[in-house]
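> Position 264 (the sequence shown) corresponds to 263 in numbering that gives the first Met the number 0; numbering is contiguous. One structure, as structure tokens, below. Some questions next.
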Amino acid sequence: MKAIAPLTVRIELAKPGKEDMLSLFSLPIMPEKFWKNHKLSDPLSTPPLASGPYRITQWKMGQYIVYSRVKNYWAANLPVNRGRFNLDTIRYDYYLDDNVAFEAFKAGAFDLRLENDAKNWATRYIGKNFDNHYIIKEEQKNESAQDTRWLAFNIQRPVFKDRRVREAVTLAFDFEWMNKALFYNAWSRTNSYFQNTEYAARNYPDADELVLLAPMKKDLPPEVFTQIYQPPVSNGDGYDRENLLKADALLTQAGWVINGQQRVNSVTGKPLTFELLLPASSNSQWVLPFQHNLQRLGITMTIRQVDNSQLTNRMRSRDYDMMPRLWRAMPWPSSDLQISWASEYIDSSYNAPGVQSPVVDKLIAQIIAAQGDKAKLVPLGRALDRVLTWNYYMLPMWYMAQDRLAWWDKFSHPAIRPVYTIGLDTWWYDVNKAAKLPAARR
């Protein structure tokens, strides 16, 4: 890194790497004249100097903070900032209780709210201010890469060594009924590790993917080449007979047969049981319907909820059969895949299923080597997606396909929102809209 002019820094990397470059460009600019007399670890009594479009002008610890627009912001006229940062003042209020915050919003104490609770969104955004269209309630489709939720099978445990058993358990997860009966149809079904990106395997493998996959065909499920991956779909009536019949056939093929009302190993007579490990604080209303469907197959799933420290310890020691897994959004296949899937990281808690696969290792090595070459990354990402999904290392649950926003109707925003964000920095105060609101809310 070298300063080549008063306002210019040149960064050179030993080898090309867009991830490294992105990380370097994301570093905040810290003014020496302020921080040479302060420590990052010490609480501040005055706001630090910054180089952004807003500065802190008021605050009260634990209650609120106010940002005011910098009138002579140095980057205001850069093309990337045209049409952004239109509000003179932005205030954030802190609430310890979300119910109190929600009622305060409806009463007009603040202007904008993002809602994460499906039940709240479906049942509580009602009243005269909504009826009079003073408050806008809107779902905005999110087109960017998304966090997705899964249940990780610990394939190091004998119970989940066989892919057919993992597929059968997946068939017992009735997403359509859960989404309708429990979640107000708020979720979309996860079906890729690159959800909402061009790296997701959406069609049959193309020629470029086949070049990658064909040499490893003997080590891959046949469906990788013959089918388009899609999680099981039910009709949502709660019975799901068709999927359970498929699951029964798979279990029988894998050597697990019904004895009375219990699924047992045809050789050892050992019952098919496993434990679902959950954090104590998790919303587990979906667990009982899942458990019930497994019982119909003769499978016993016990439920264990533990505090965060126990959960962490059991993750690190791989002391679990199945547990939830949040897969962070991945805009492109990056070297981060290595710690989550590569054999050399089998002891990492990030590799929750415990995958040790030469096929996966080879694809990830090629992905790392192809960073910066999109023409190579697209087929590599799709090929890896097929391998991971068809091996049923994790059971796909759901993801949020849209953002839920509610706001007092005094703002306007562009018709097209940014890809990677809600784009609140492109909104502006609309005098004509505000004039239609009650005087106290303008």
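Glycine included, every Cβ here is placed at the ideal spot set by N, Cα and C. Note that the structure is predicted; figures quoted are calculated from it, not measured.
Quick check: what's the CA-CA separation for Lys-35 versus Leu-86?
Mapped onto the sequence shown, residue 35 falls at position 36. Mapped onto the sequence shown, residue 86 falls at position 87. One C-alpha to the other measures close to 32 Å.
> In the structure shown, what three-state DSSP assignment does Trp-340 receive?
Counted from its first residue, the sequence shown places residue 340 at position 341. The three-state secondary structure of Trp-340, taken from DSSP, is helix.
> If I measure Cβ to Cβ from Ala-328 and keep anything under 6 Å in the same chain, skipping five residues before and after, which residues do I get?
The residue given as residue 328 occupies position 329 in the sequence shown. Excluding positions up to five away in sequence, the list reads Ala-144, Gln-145, Asp-146.
> Give me whichever residues DSSP pairs with Pro-395 in a beta bridge.
The sequence position of residue 395 within the sequence shown is 396, counting from 1. Trp-149, per the DSSP bridge assignment.
> Looking at the strands, I want to know which residues DSSP matches up with Met-300.
Translated into positions along the sequence shown, residue 300 becomes position 301. In the DSSP secondary-structure assignment, Met-300 is bridged to Phe-273.
> So, for Glu-138: in the same chain, excluding its five sequence neighbours on each side, which residues have a beta-carbon less than 6 Å away from its beta-carbon?
Here residue 138 corresponds to residue number 139 of the sequence shown, with the count starting at 1. Closer than 6 Å at the Cβ level, and outside the excluded window around Glu-138, lie Gln-401, Arg-403.
> With C-beta atoms as the reference, is Ile-363 less than 8 Å away from Leu-336?
On the sequence shown, residue 363 is found 364 positions in, with the first residue counted as 1. On the sequence shown, residue 336 is found 337 positions in, with the first residue counted as 1. The answer is yes: Cβ separation under 8 Å.
> Tell me which residue opens and which closes the alpha helix (DSSP H) that Leu-21 is part of.
Within the sequence shown, numbered from 1, the residue matching residue 21 stands at position 22. That run of the alpha helix (DSSP H) goes 17-24.
> Closest to Asp-372 by C-alpha separation, out of Pro-42, Glu-18, Ala-4, would be which residue?
The residue labelled residue 372 in the question sits at position 373 within the sequence shown. Answer by Cα proximity: Glu-18.
> Taking a contact to mean a Cβ-Cβ separation below 8 Å, would you say Pro-52 touches Tyr-72 in this structure?
Mapped onto the sequence shown, residue 52 falls at position 53. Mapped onto the sequence shown, residue 72 falls at position 73. Against a cut-off of 8 Å, the Cβ pair of Tyr-72 and Pro-52 comes out as a contact.
> Thinking just about the alpha-carbon of each residue, which of Ala-75, Thr-225, Ile-227, Ala-341 is nearest to the one in Gln-355?
The sequence position of residue 355 within the sequence shown is 356, counting from 1. When each option's Cα is compared against that of Gln-355, the closest is Ala-341.
> Could you give the uninterrupted runs of the alpha helix (DSSP H) lying entirely in the stretch 361-438, keeping only those of 4 residues or more?
373-389, 430-433
> Counting only the same chain and skipping the five closest in sequence on each side, list residues whose C-beta sits under 8 Å from that of Ala-108.
As a first step, residue 108 is located in the sequence shown; it is residue number 109 there, counting from the start. Excluding sequence neighbours, Ala-108 sits near Asp-92.
> How would you label Val-158, buried or exposed, when you count the other beta carbons within 10 angstroms and need 16 or more for buried?
Mapped onto the sequence shown, residue 158 falls at position 159. When all chains shown are included, Val-158 counts as buried.
> What would DSSP say about Trp-58, mapped onto helix, strand or coil?
In the sequence shown, residue 58 corresponds to position 59, counting from 1. Residue state, collapsed to three classes: strand.
> Between which two residues does the alpha helix (DSSP H) carrying Arg-295 extend?
Position 296 of the sequence shown, counted from the start, is the residue given in the question as residue 295. Run containing Arg-295: 286-295, per the alpha helix (DSSP H) assignment.
> Confirm, please, whether the CB-CB distance from Ile-135 to Trp-406 is below 8 Å.
The sequence position of residue 406 within the sequence shown is 407, counting from 1. The sequence position of residue 135 within the sequence shown is 136, counting from 1. Result yes, Cβ atoms of Trp-406 and Ile-135 sit closer than 8 Å.
> Exposed or buried, what is Lys-216 when buried is set at 16 or more other beta-carbons lying within 10 Å of its beta-carbon?
Counting from 1 along the sequence shown, the entry for residue 216 is found at position 217. The Cβ neighbour count for Lys-216, taken over all protein chains shown within 10 Å, is under 16; the residue is labelled exposed.
> Quick check: the Cα distance between Asp-247 and Asp-346, rounded to an integer number of angstroms?
In the sequence shown, counting from the first residue as 1, residue 247 sits at position 248. In the sequence shown, counting from the first residue as 1, residue 346 sits at position 347. Each residue's alpha carbon lies about 33 Å from the other.
> Between Val-418, Thr-388, Asn-178, Leu-95, which lies nearest to Ala-117 when the distance is taken from Cα to Cα?
If you number the sequence shown from 1, residue 117 lands on position 118. Ranking Val-418, Thr-388, Asn-178, Leu-95 by Cα distance to Ala-117 puts Asn-178 first.
> What number of angstroms, rounded off, separates the C-alpha of Gly-82 from the C-alpha of Val-69?
Walking along the sequence shown from the start, residue 82 turns up at place 83. Walking along the sequence shown from the start, residue 69 turns up at place 70. When rounded, the distance between both Cα atoms is 15 Å.
> Mind checking Lys-98: buried by the 16 CB within 10 Å criterion, or exposed?
As a position in the sequence shown, residue 98 is number 99, starting the count at 1. Looking at the sequence itself, residue 98 is Asn, so the reference to Lys does not match. By the 10 Å Cβ count, Asn-98 comes out exposed.
> Among residues of its own chain, excluding the 5 on either side of Gly-61, which ones have a beta-carbon nearer than 7 Å to its beta-carbon?
Start at 1 with the first residue of the sequence shown, and residue 61 comes out as number 62. When the five nearest sequence neighbours on each side are left out, the beta carbons in the same chain lying within less than 7 Å of the beta carbon of Gly-61 are those of Tyr-93, in order along the chain.
> Under the three-state reduction of DSSP, which class applies to Gln-177: helix, strand or coil?
Locating residue 177 in the sequence shown gives position 178, counting from the first residue. What sits at residue 177 in the sequence shown is Met, not Gln. Note: Met-177 maps to helix in three-state DSSP.
> Tell me the residue span of the beta strand (DSSP E) that contains Ala-2.
Against the sequence shown, residue 2 aligns to sequence position 3. Looking at the DSSP string, the run of the beta strand (DSSP E) that includes Ala-2 is 1-4.
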